[in-house]
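Here's the structure, in structure tokens; my notes come after.
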Amino acid sequence: MEPNNKKINQLRTSLRHHEYLYHVLDAPEIPDAEYDRLMRELRTLEEAHPELITADSPTQRVGAAPLTAFDQVRHEVPMLSLDNVFDEDSYLAFYKRVQDRLKSSEPLTFCCELKLDGLAVSLLYEDGELVRAATRGDGTTGENITANVRTIRAIPLRLIGDNIPRRVEVRGEVFMPQAGFEKMNDEARRKDGKVFANPRNAAAGSLRQLDPRITAKRPLTFFCYGVGLLEGGELPRSHYQRLMQFKAWGLPVSDRVRLCTGSDQVLAFYRQVEQDRSQLGFDIDGVVVKIDDIDLQERLGFVARAPRWATAFKFPAQEQITVVREVEFQVGRTGAITPVARLEPVLVAGVTVSNATLHNADENRTSWPADRRYGDRAPCR
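Here full-length UniProt numbering is used: the first residue of the sequence shown is 1, the next is one more, and so on.
Below, the structure is given as structure tokens:
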């Protein structure tokens, strides 16, 4: 092997190793300045020897020209949504339905994960190399966002380790941590730029930039949560073990993933996550509960556009108290009158709320009683 080629490969291997330590294991061995120095050295060598540049090199995350529009991508395996439950009784009803369908009274084992408040994406790897990334879209067809996803350092351009399938589609969530979101908005305010309402909107807007150089400047990260297409390889028959395999291949997995056996353990996990929610550093709106055994998943199958073997266990709506400034009555095209409350702006679940439509009579009688006056304090959720 030529000396330059050997050195380039050594640098690429070293950079991938340190990206894995930082993004997957959260255990960096070198400071950021040393990582940057290695990257500069690799970039200098590749500029001197462009014939040695490869698409999966750490230097090639940003480089695609701006697009005029996103191409459509048809998912080879549909990206389905999840049914929701909103309280413990509803979860227990879900648990019993699963037991009844399996004709089993034995405690069920679930893989429990955080329900991240970001944007679902599909990552297709062929022979270990990232070749395509797409949004969920309508579950059947999404948008090709490969150039933008390549800029996210938490997502490996090449998988590491052994027994990597010929084709594997990893699914997960791109999201923006709260600290990065706040810093980005602070900088935008100083420059009179666009300020996002919440991290989810910021993540979605960042991924849909036609210029990947803009996406590259946004503080996005990623956790994987499942698999779609699998060809030319095998995965464990446990959902939890699949996530651990993804982690071994260099893909980030939340350290909050847990195996829970029986409904009591699932409920304890839910309560603990709800209690810790404000300390996570990123937004979630519940937990996801999935039957761990893949054989049981296949027996349970799907209903409509959601699996029978999983559910999203949502947290109650977050609520803040604010002040009613005034109530206006708007007349629609059909003559319908809608009361709208103008509120003292308040941050609720990452969104600044300054108006509330008072069109739900049942809700208004409880949250907005008839004797509510201007200047009163009122709940906003």
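Cβ coordinates follow ideal geometry from the N, Cα and C atoms, glycine included.
All values derive from a computational prediction rather than experimental measurement.
According to the Cβ coordinates, are residue i and residue j closer than 7 Å?
i           : j           : result
residue 227 : residue 113 : no
residue 116 : residue 284 : yes
residue 315 : residue 274 : yes
residue 20  : residue 281 : no
residue 58  : residue 15  : yes
residue 167 : residue 126 : yes
residue 170 : residue 229 : no
residue 134 : residue 73  : yes
residue 83  : residue 317 : no
residue 111 : residue 239 : yes
residue 146 : residue 132 : yes
residue 155 : residue 222 : yes
residue 261 : residue 107 : yes
residue 11  : residue 42  : yes
residue 212 : residue 151 : yes
residue 220 : residue 176 : yes
For residue i, report the span of its beta strand (DSSP E) as first-last.
i           : result
residue 149 : Note, residue 149: premise wrong, no beta strand (DSSP E); alpha helix (DSSP H) at 146-149.
residue 259 : 258-261
residue 142 : 141-143
Any heavy atom of the ligand FMN within a distance shorter than 6 Å of the CB on residue i?
i           : result
residue 250 : In terms of ligand content, the structure shown is empty, and the ligand FMN therefore cannot be addressed.
In whole angstroms, give me the CA-to-CA distance for residue i and residue j.
i           : j           : result
residue 197 : residue 161 : 40 Å
residue 195 : residue 214 : 15 Å
residue 62  : residue 236 : 34 Å
residue 313 : residue 90  : 9 Å
residue 28  : residue 22  : 5 Å
residue 9   : residue 172 : 29 Å
residue 69  : residue 200 : 22 Å
residue 293 : residue 104 : 14 Å
residue 329 : residue 340 : 6 Å
residue 101 : residue 181 : 44 Å
residue 189 : residue 202 : 14 Å
residue 157 : residue 208 : 19 Å
residue 234 : residue 159 : 15 Å
residue 390 : residue 92  : A question about residue 390 goes unanswered here, because the residues of the chain that appear run from 1 up to 381.
residue 13  : residue 247 : 17 Å
residue 40  : residue 24  : 23 Å
residue 48  : residue 33  : 23 Å
residue 259 : residue 309 : 15 Å
residue 331 : residue 138 : 34 Å
residue 303 : residue 192 : 48 Å
Quick one: using the 10 Å Cβ neighbour count with 16 as the cut-off for buried, is residue i buried or exposed?
i           : result
residue 77  : exposed
residue 6   : exposed
residue 148 : buried
residue 254 : buried
residue 242 : buried
residue 338 : exposed
residue 263 : buried
residue 3   : exposed
residue 217 : exposed
residue 321 : exposed
residue 354 : exposed
residue 31  : exposed
residue 142 : buried
residue 266 : buried
residue 298 : exposed
Per the DSSP calculation, residue i is bridged to which residue(s)?
i           : result
residue 385 : The shown model of the chain, from 1 to 381, leaves out residue 385, and the question about it has no answer.
residue 291 : 110
residue 167 : 126, 231
residue 72  : 143
residue 284 : 116
residue 343 : 324
residue 173 : 120, 223
Is the shortest distance between the beta-carbon of residue i and the beta-carbons of chain B less than 7 Å?
i           : result
residue 330 : In the displayed structure, chain B is absent; only one protein chain is listed.
I need the boundaries of the alpha helix (DSSP H) containing residue i, first residue and last residue.
i           : result
residue 237 : No alpha helix (DSSP H) contains residue 237, which DSSP labels as neither H nor E.
residue 205 : 199-207
residue 196 : Careful: residue 196 lies outside any alpha helix (DSSP H) and carries neither H nor E.
residue 3   : 3-23
residue 60  : Taken as a continuous stretch (DSSP letters only), residue 60 belongs to no alpha helix (DSSP H), as it is neither H nor E.
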